[in-house]
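Novice: The structure is given below, and queries will be raised subsequently.
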């Protein structure tokens, strides 16, 4: 581990800065990289080779498609229609919005999903005299669970899929069962923990009357621009095309990153949108953050730090595959709750690779363990996942303040239960595979 | 209903009043009540109490939406024989009566429009402040039915309502510009009329109108711009101005050097003397009718 001290110090400093939001995440990561470059720990040309271009292309491609689709107004229209379908029933609000959130999170990205859903759900629930906090937290939690189901649903999955070379279909097939069970159990838990809030409203004429006025207000507030049907058709066609390319990856031999970027560029061309305006809405800071972290972790890997952690932490637990799988799951789960799950996943990938070299585990179960741990674990606290931070921020903008403890009070139990479901699933899967 | 629910109801009426105007808010409130009755599930002995509780809250909203209150009073009078029937029958009768009320209200509004279009003349420059559906319909029908050529100065008010008015005028090829109310003095030389809607006209001859109406009307009067108020008789309140429950908010504003209390009211109370012509479903309300109304 010669020359590893400075990279370790910088890496820890960046991690602390990200966790406690000392500076912007992207700035923290890139500042760390700049210090390494200035100290000649690594050359700039070499640093660029450490960036996983596949992940960046996948993120950029999907962000571009989502930005154009969002401009069409379809997501807002969909959310308003769901609000109308609930007819003000608190249970229907929870269930219907959760189904939409989970589905949108699986095929788009969960930050976009909560950006659209949270303002409407706050307006609806607060206007009905319900406590909007529970509904905001529930959508953040559900978006993280739903996003776990696909390669493109949650940043940890995008990183794992791109770096390890797992396909869209492999994610869907291997994670469908635990994600679906976790969604159902999560909703039951949310209902059971707050049963008082889910009393039906159709026994009160006043509540029904207010609900109708409220739904009209939501329509006026959120549907003030008509849906751009031409843009919508083009956007949906391209979304369908990219999913087809993901699903047929083994036939087309196109990686998800290439497929996403290819379709995004086609969409930019055919939609004739103002490209400059669209590009302004891309989350460049997230892409910069990813690039910086890839370099920081790449340097640690080259200096032997990752190997040292793998040997001295994870490989000390022995060679029992059940213990290894469950350790990766729970360590990822707990750590992702308190640290950002993106840098954690980037750090864990080389460690899991080393564990796999020593103790081969069939059917990529260790990767599913990391994906389930990092994604489900992100629900543990308010800072565990980007969707949580964005949801809390959006709620605050609408006048609803959610504290760290308030978030955790609802999310912690769901996280533990979903990690238990994942443990049971992985254990059974492993037992069947061995 | 607890206080939070009552406050929410107040806020919803305030919002819809500002965005849609009193006329559309009235129709929407009655439609919402129909839907609420249809979806209600309760025992026969509870249904009257459920309605009474809601009606009391609606009649006490800030501000009081006078046409809604009138409609509910008529509804209550016609529903009296039916409250003791079984729930399905009560719901059916409530739906029928409320639907009739909506038609009645709309027919009176249409009559106001039919009278109102006569006051729009060739080459008029018309100021529109807080356009209600009645005001918008007067302008549209003057263009479509009487083929009048006139231009409109829309005063910017609500972020949802102003674009709606501008869109309606655009769709009917009515030349218009949108300007902030505080810039009206730069445009007033192009205008000769101002048309208005109102939430209520009270017995002591005050008009409950959207915020800013008073200032705009004063400026118009000063510049010789004639004012026309369109309101069907359901907007005439038998109460006095101080019973209109204008919503008042007091906010403590903190700046870098001091803090001060800021009081705002949701609506203006405009003296009816500032209005040159009041038009209801029977045409111009002359002094005799006005005296009869004030008692």
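Residue numbers (our numbering), protein chains in the order written: chain H, 4 to 437; chain P, 577 to 871. Heads up, the beta-carbon is just placed ideally off N, CA and C, and yes, glycines get one too. In this text the structure is predicted, and so the values were computed from the model without any measurement.
(1) Report the option in 635(P), 858(P), 600(P) and 766(P) whose CA atom is closest to the CA atom of residue 820(P).
(2) Would you mind stating whether residue 608(P) and residue 216(H) have Cβ atoms separated by less than 8 Å?
(3) Which same chain residues, not among the five before or five after residue 329(H), have their C-beta less than 8 Å away from its C-beta?
(4) On the DSSP bridge list, what partners appear for residue 825(P)?
(5) Taking beta-carbon pairs under 8 Å, can you tell me which members of the region 87–100 of chain H lie near chain P?
(6) Since residue 105(H) and residue 149(H) are thought to touch, with beta carbons under 8 Å apart, how far apart are those beta carbons, to the nearest angstrom?
(7) Distance, Cα to Cα, residue 221(H) vs residue 127(H)?
(8) Could you please give me the residues that DSSP links to residue 860(P) through a beta bridge?
(9) For residue 694(P), report the span of its beta strand (DSSP E) as first-last.
(10) Within the present structure, is the beta-carbon of residue 372(H) separated from the nearest heavy atom of the ligand NAD by less than 7 Å?
(11) Going along the chain, which residues of the region 581–594 of chain P sit with their C-beta nearer than 7 Å to a C-beta in chain H?
(12) Where do the ends of the beta strand (DSSP E) carrying residue 639(P) lie?
(13) Rounded to whole angstroms, how far is the Cβ of residue 295(H) from the Cβ of residue 114(H), which I believe are closer than 8 Å?
(14) Contact between the region 311–319 of chain H and the region 339–358 of chain H is defined here as three or more beta-carbon pairs at a separation below 8 Å; is this criterion met?
(15) What does residue 132(H) touch in chain P if you count any residue whose Cβ is under 7 Å from its own?
(16) Leaving aside the five residues before and after residue 785(P) along the sequence, list all residues of the same chain whose C-beta is less than 6 Å from its C-beta, in chain order.
(17) Please go through the same chain and pick out, in chain order, the residues whose beta-carbon is closer than 8 Å to the beta-carbon of residue 59(H), but skip the five residues on each side of it.
(18) Closest Cβ-Cβ distance between residue 608(P) and chain H: below 8 Å?
(19) Indicate whether the contact test is met: 3 or more Cβ pairs, each with one atom in the region 713–728 of chain P and one in the region 694–702 of chain P, closer than 8 Å.
(20) Give the residues of chain H in contact with residue 616(P), contact being defined as C-beta atoms less than 9 Å apart.
(21) Pairs of beta-carbons, one from the region 579–595 of chain P and one from the region 402–421 of chain H, closer than 8 Å: are there three or more?
(22) So does the region 755–763 of chain P actually touch the region 823–833 of chain P, counting three or more Cβ pairs closer than 8 Å?
(23) In its own chain, which residues sit with a C-beta less than 6 Å from the C-beta of residue 146(H), not counting the 5 before and 5 after it?
(24) Identify, in the order they occur along the chain, each residue of the same chain with its Cβ nearer than 6 Å to the Cβ of residue 137(H), setting aside the five sequence neighbours on each side.
(25) With respect to the alpha helix (DSSP H) encompassing residue 798(P), which residues constitute its N-terminal and C-terminal limits?
(26) Counting only the same chain and skipping the five closest in sequence on each side, list residues whose C-beta sits under 8 Å from that of residue 40(H).
(27) With H, G and I counted as helix, E and B as strand and the rest as coil, what does DSSP make of residue 660(P)?
(28) Between residue 852(P) and the rest of its own chain, which residues show a CB-CB distance below 6 Å, the 5 nearest in sequence each way excluded?
(29) Under the three-state reduction of DSSP, which class applies to residue 732(P): helix, strand or coil?
(30) According to DSSP, is residue 803(P) part of a helix, a strand, or is it coil?
(31) Please return the same chain residues whose Cβ sits closer than 8 Å to the Cβ of residue 671(P), not counting the five positions on each side in sequence.
(32) Would you say residue 22(H) and residue 322(H) are within 8 Å of each other, going by their C-beta atoms?
(33) May I have the straight-line CA-CA distance separating residue 353(H) from residue 304(H), to the nearest angstrom?
(34) Under 6 Å Cβ to Cβ from residue 684(P), same chain only, skipping five residues before and after it: list those, please.
(35) Who does residue 224(H) pair with in a DSSP beta bridge?
(36) Assess, as a yes-or-no matter, whether the region 704–721 of chain P is touched by the region 686–696 of chain P under the definition of 3 or more beta carbon pairs within less than 8 Å.
Specialist: Judging by the given coordinates:
(1) Within the second chain, residue 820(P) is the residue found at index 244, counting from 1. The residue with the shortest Cα to Cα distance from residue 820(P) is 635(P).
(2) Indexing the second chain from 1 puts residue 608(P) at position 32. Indexing the first chain from 1 puts residue 216(H) at position 213. Yes, the Cβ-Cβ distance between residue 608(P) and residue 216(H) is below 8 Å.
(3) The residue you call residue 329(H) lines up with position 326 of the first chain. Cβ neighbours of residue 329(H) beyond the five flanking positions: 372, 426, 429 and 430.
(4) The residue you call residue 825(P) lines up with position 249 of the second chain. DSSP lists 840(P) as partners of residue 825(P).
(5) 90
(6) Here residue 105(H) corresponds to residue number 102 of the first chain, with the count starting at 1. Here residue 149(H) corresponds to residue number 146 of the first chain, with the count starting at 1. Correct: roughly 3 Å between the Cβ atoms.
(7) What you label residue 221(H) is simply residue 218 of the first chain in a count that begins at 1. What you label residue 127(H) is simply residue 124 of the first chain in a count that begins at 1. Taking the straight line from one Cα to the other gives about 8 Å.
(8) Position 284 of the second chain holds residue 860(P). In the DSSP output, where bridge partners are listed per residue, residue 860(P) has 855(P).
(9) Position 118 of the second chain, counted from the first residue, corresponds to residue 694(P). Careful: residue 694(P) lies outside any beta strand (DSSP E) and carries neither H nor E.
(10) As for the ligand NAD, it is missing from this structure, which has no ligand bound.
(11) 581, 584, 585, 588, 591 and 592
(12) Position 63 of the second chain, counting from 1, holds the residue named residue 639(P). Run containing residue 639(P): none; DSSP gives neither H nor E here.
(13) In the first chain, counting from the first residue as 1, residue 295(H) sits at position 292. In the first chain, counting from the first residue as 1, residue 114(H) sits at position 111. The Cβ separation is near 19 Å, so there is no contact.
(14) yes
(15) Walking along the first chain from the start, residue 132(H) turns up at place 129. The contacting residues are 580, 581 and 584.
(16) The residue you call residue 785(P) lines up with position 209 of the second chain. Answer for residue 785(P): 774, 844 and 846, listed in chain order.
(17) Residue 59(H) sits at position 56 when you count from the first residue of the first chain. Answer for residue 59(H): 260, 290, 293 and 294, listed in chain order.
(18) For the purposes of this step, residue 608(P) is taken as residue 32 along the second chain, with counting starting at 1. Answer yes: the Cβ-Cβ gap between residue 608(P) and chain H drops below 8 Å somewhere.
(19) yes
(20) Along the second chain, one-based indexing puts residue 616(P) at 40. By Cβ distance, chain H contributes 205, 206, 207, 208 and 211.
(21) no
(22) no
(23) Within the first chain, numbered from 1, the residue matching residue 146(H) stands at position 143. Cβ within range, chain order: 104, 108, 113, 116, 117 and 390.
(24) Along the first chain, read from residue 1 onward, the residue named residue 137(H) stands at position 134. For residue 137(H), where only same-chain residues beyond five positions count, the Cβ hits under 6 Å are 197.
(25) The residue you call residue 798(P) lines up with position 222 of the second chain. Looking at the DSSP string, the run of the alpha helix (DSSP H) that includes residue 798(P) is 789–798.
(26) Along the first chain, one-based indexing puts residue 40(H) at 37. Correct list, in chain order: 46, 47 and 50.
(27) By one-based count along the second chain, residue 660(P) stands at place 84. It is coil, neither helix nor strand.
(28) The sequence position of residue 852(P) within the second chain is 276, counting from 1. So the list reads 802 and 803, once near-sequence residues are dropped.
(29) The residue you call residue 732(P) lines up with position 156 of the second chain. If DSSP states are grouped into helix, strand and coil, residue 732(P) belongs with the strands.
(30) Taking the first residue of the second chain as 1, we reach residue 803(P) at position 227. Strand.
(31) For this step, residue 671(P) is matched to residue 95 along the second chain. Cβ within range, chain order: 610, 613 and 614.
(32) As a working mapping, residue 22(H) is identified with position 19 in the first chain. As a working mapping, residue 322(H) is identified with position 319 in the first chain. Contact flag unset, no.
(33) For the purposes of this step, residue 353(H) is identified with residue 350 of the first chain, where counting begins at 1. For the purposes of this step, residue 304(H) is identified with residue 301 of the first chain, where counting begins at 1. So the two alpha carbons sit approximately 7 Å from each other.
(34) Here residue 684(P) refers to the residue found at position 108 of the second chain. 808 and 857.
(35) Here residue 224(H) refers to the residue found at position 221 when the first chain is read from its first residue. Partner(s): none; residue 224(H) has no beta bridge.
(36) yes
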